[in-house]
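*Asks:* This is the structure, below, for whatever I ask next.
Numbering (UniProt numbering), first residue to last: 1 to 269.
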């Protein structure tokens, strides 16, 4: 057992040297050897964690420049916030420079912290998920030898539910931008429109049906303008109404005067 421990220690030392040489595949080989020889060796988990982070870091999404933060953190893309936080705390404890003296531990800790910073932010994570789901476009075409474009089959319309990877089309309900996403990750989930930034629930929309439906949509009706038409002799009508009111008032005053005269006569008798 003691010989296994010593041999495991030598394997770890070689793994650390490989890390400094940026030979992470070679480092992985020796750290696995140490794991088999003496799993309880002090510092073994710390060195193994550093190597795993560095092996994951070069893997970019869609052939671009951005790292796959899920791989660096070692979590499933469908993991919820609690699982992501739990994994970050676990790695941070193993990689923090105060507790891990392995070469490269500090930079590995920075990578994990950057992954946590992005995946713990809801809006940043949604935006990253969308970029991660986009399929890289093939820059080079294979020359045709029989007059048939080899990419013609790829351009042929395919039922979204039968496509490889389970992709589907959806449409922003604000700006009507159509996007294609992986069904396993984004179907009936909240996503951010890459065009207008509006958040909406991704439901399956057939792009052809959406276009034809928009064409069939009746044009919006303009509000009816209303106007009031006055008669040409409106001034005469108003004068006549005023005269009638005046006559009624005069008759009422005469009636009251007659009643008052009768009362005076009765009081004088």
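All residues carry an ideal CB built from backbone N, CA and C; glycine is no exception.
1) Can you give the beta carbon distance from residue 112 to residue 73, rounded, assuming they're within the 8 Å contact cut?
2) According to DSSP, simplified to helix, strand and coil, what is residue 192?
3) Just the Cα atoms here: how many angstroms apart are residue 158 and residue 205?
4) Are the region 172-183 and the region 105-122 touching, with three or more C-beta to C-beta distances below 8 Å?
5) According to the Cβ coordinates, are residue 16 and residue 27 closer than 9 Å?
6) For residue 121, tell me which candidate among 105, 110, 82 and 108 has the shortest Cα-Cα distance.
7) Quick check: what's the CA-CA separation for residue 187 versus residue 194?
8) Examine the ligand MN and report whether any of its heavy atoms sits within less than 8 Å of the Cβ of residue 13.
9) For residue 134, report the span of its alpha helix (DSSP H) as first-last.
10) Tell me the residue span of the beta strand (DSSP E) that contains residue 201.
11) Using 9 Å as the threshold, is the C-beta distance between residue 131 and residue 66 below it?
12) Over the uninterrupted beta strand (DSSP E) stretch that includes residue 170, give me the two end residues.
13) Leaving out five residues on either side along the sequence, give the residues of the same chain with a beta carbon under 7 Å from the beta carbon of residue 61.
14) Quick one, which of 32, 134 and 52 has its alpha-carbon nearest residue 11's?
15) For residue 183, name the three-state secondary structure that DSSP assigns.
16) Exposed or buried, which one is residue 53 when buried takes at least 16 other CB atoms within 10 Å?
17) Could you check whether residue 14 and residue 103 sit closer than 9 Å to each other, using their CB atoms as the reference points?
18) Sort 184, 171 and 100 by Cα distance to residue 271 and report the nearest one.
19) Kindly indicate which residue of 202, 86 and 43 has the alpha-carbon position closest to the one of residue 182.
20) Does the separation of the CB atoms of residue 109 and residue 119 fall below 9 Å?
21) Please report how far the alpha carbon of residue 168 lies from the alpha carbon of residue 134, in whole angstroms.
22) Assign residue 27 to one of three DSSP states: helix, strand, or coil.
23) In chain order, what residues of the same chain have a beta carbon less than 8 Å from the beta carbon of residue 199, not counting five sequence neighbours either side?
24) According to DSSP, is residue 60 part of a helix, a strand, or is it coil?
*Replies:* With the given structure in hand:
1) Sure, about 6 Å apart at Cβ, within 8 Å.
2) strand
3) Per-residue confidence for residue 158 stands at a pLDDT of 40, beneath the threshold of 50, marking its modelled position as unreliable; the derived number appears in the next sentence. Their Cα atoms are separated by approximately 14 Å.
4) no
5) Result yes, Cβ atoms of residue 16 and residue 27 sit closer than 9 Å.
6) 82
7) 16 Å
8) This structure simply doesn't include the ligand MN, nor any ligand for that matter.
9) Per DSSP, residue 134 belongs to no alpha helix (DSSP H) and is neither H nor E.
10) 199-201
11) yes
12) 167-171
13) 68, 131 and 132
14) 32
15) helix
16) buried
17) no
18) For the chain, the structure presents residues 1 to 269; residue 271 sits outside this window and is missing.
19) 202
20) Pairing residue 109 with residue 119 gives a Cβ-Cβ distance that is not under 9 Å.
21) 12 Å
22) helix
23) If we look at residue 199 and ignore the five residues flanking it on each side, its Cβ neighbours are 126, 190, 191, 192 and 193.
24) Collapsing the DSSP output to three states places residue 60 in a strand.
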